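Participant: Numbering (the numbering used here), first residue to last: 32 to 155. Quick one: structure below, then a few questions.
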Amino acid sequence: MKKTLGILAVFVAIIGFTAMATAIGEFKFEKETHDYGNIPQNKPATYDFKFSNAGDAPIIISEVKPSCGCSVAEFTKTPIKPGEAGTITVTYNAAAKGPFTKQFTVKSNTKTPVKTLTVKGSVE
Numbered sequence: 032m033k034k035t036l037g038i039l040a041v042f043v044a045i046i047g048f049t050a051m052a053t054a055i056g057e058f059k060f061e062k063e064t065h066d067y068g069n070i071p072q073n074k075p076a077t078y079d080f081k082f083s084n085a086g087d088a089p090i091i092i093s094e095v096k097p098s099c100g101c102s103v104a105e106f107t108k109t110p111i112k113p114g115e116a117g118t119i120t121v122t123y124n125a126a127a128k129g130p131f132t133k134q135f136t137v138k139s140n141t142k143t144p145v146k147t148l149t150v151k152g153s154v155e
């Protein structure tokens, strides 16, 4: 009897872990690159990357890291449930004149755990 219960418990645990492994969140961004065009010098430029969760488990963003110190990012800190939306707001400082391209590395628990968002433009 104990052996049967033990085997049944192992079987239920395997099914439970398998079900959890298949449920995963998935980003669906409106766009992954934003072109500011021409922006004035010394006036920070901000853009909201909007996304939804197209997966079947909540998305948890652990970090959004800019490629340089001239940019910052804010993001939705709470889990984004399937079908719900979130935002990653990025700001470029625009101190130096000339063209620029900056990346933001997004780390999360999604199907693609590392995603790159890009902003570009030219500072006048």
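Note that CB positions come from ideal geometry on N, CA and C, so glycine has one too. As the structure is a prediction and not an experimental result, all values here were calculated from the model.
Please report the distance separating the alpha-carbon of residue 129 from that of residue 74.
Facilitator: 14 Å
Participant: For the beta strand (DSSP E) containing residue 83, list its first residue and its last residue.
Facilitator: Run containing residue 83: 76-84, per the beta strand (DSSP E) assignment.
Participant: Please classify residue 136: does DSSP put it in a helix, a strand, or coil?
Facilitator: strand
Participant: So the beta strand (DSSP E) residue 114 belongs to, where does it begin and stop?
Facilitator: Taken as a continuous stretch (DSSP letters only), residue 114 belongs to no beta strand (DSSP E), as it is neither H nor E.
Participant: With DSSP collapsed to three states, give me the class of residue 120.
Facilitator: strand
Participant: Determine the contact status of residue 111 and residue 95, defining contact as a CB-CB distance below 8 Å.
Facilitator: One thing to note: residue 111 has its Cβ no nearer than 8 Å to the Cβ of residue 95.
Participant: With DSSP collapsed to three states, give me the class of residue 141.
Facilitator: strand
Participant: In the DSSP assignment, find the unbroken beta strand (DSSP E) run with residue 105 in it and report its ends.
Facilitator: 102-106
Participant: In three-state terms, what does DSSP make of residue 149?
Facilitator: strand
Participant: When DSSP labels each residue in this structure, what does residue 64 get in the three-state scheme?
Facilitator: strand
Participant: Let me know if residue 84 comes out buried or exposed under the rule of 16 or more other beta-carbons within 10 Å of its beta-carbon.
Facilitator: buried
Participant: Closest by CA to residue 97, which one among 150, 91 and 154?
Facilitator: 150
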